[in-house]
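Counting in the working numbering, the sequence shown runs from 112 upward without gaps.
Think of the CB as a built atom: it goes at the ideal place given N, C-alpha and C, for glycine as much as any other residue.
The structure appears below as structure tokens.
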Amino acid sequence: MTRLLVVSDSHGDIPSLMRAIELHREADAVFFLGDGQHDFLSECVSRFLTDKKVTAVRGNCDMYSELPAEELVPLAGHRILALHGHTRGAKYGLGAMQTAAEEEYNADIVLYGHTHNQRHDYVNGIHYLCPGTIHRGEYAMVDITDKGEVCCITAKL
């Protein structure tokens, strides 16, 4: 099994970000979906995530960031699209993200932030997961089994 920790939108709340990471040291990979790049990269990655696969994308509040807006990550036999969501209209629904996942990236899991609302949808064989905002103690876990099954779990500190 491969376990992913998915966090987004820390907006300066380093203690909550660190708490989620410490609670889930068993995670094989960590996805940070923007809006708090400095919190994540300087405080967490350098000190606590040296042994994990780390993916981070920039959010609309990550000014001057050199992180990508979107990244396709092949992992555990899946194609995971990570994005903050502001570039694909996440606050207005899945439409643009669905088009990107299906037509541009051929993704089967989409991890996004920006809306600050925990949500999981399964549309046309693709999982769409927003972990909410870690600033409110919200995050998500994704378990990918050896049989290829995907389980998305929203959680709260």
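Specify, as a first and last residue, the run of the alpha helix (DSSP H) that residue i falls within.
i    : result
E133 : I125 to L134
DSSP three-state call for residue i: helix, strand or coil?
i    : result
Y223 : strand
L178 : coil
L160 : coil
T198 : helix
C172 : coil
D120 : coil
D232 : strand
Comparing C-alpha positions only, which one of the options sits nearest to residue i?
i    : options                   : result
H189 : T256, L268 and V118       : T256
F151 : Q229, K267, I125 and Y175 : I125
A211 : H225, A193, T226 and G224 : A193
G206 : L186, D232 and A187       : D232
Over the uninterrupted beta strand (DSSP E) stretch that includes residue i, give me the two end residues.
i    : result
M252 : E249 to I255
A193 : H189 to L194
A207 : First-last for A207: G206 to T210, but that is the alpha helix (DSSP H), not the beta strand (DSSP E).
T265 : V261 to K267
F143 : A140 to F143
T166 : K164 to A167
I237 : I237 to P242
With a threshold of 16 other CB atoms inside 10 Å of the CB of residue i, please say whether the residue is buried or exposed.
i    : result
R199 : buried
I237 : buried
V117 : buried
H149 : exposed
T226 : buried
V234 : exposed
P242 : buried
C263 : buried
S153 : exposed
Starting from the C-beta of residue i, find all residues in its chain whose C-beta is less than 7 Å away, skip the five residues before and the five after it, and write them out in chain order.
i    : result
C155 : L128, M129 and I132
Just to confirm my understanding: we take residue i, look at its own chain, exclude 5 residues before and 5 after, and list those with CB closer than 6 Å. What are they?
i    : result
T265 : Q229 and A251
K164 : A140
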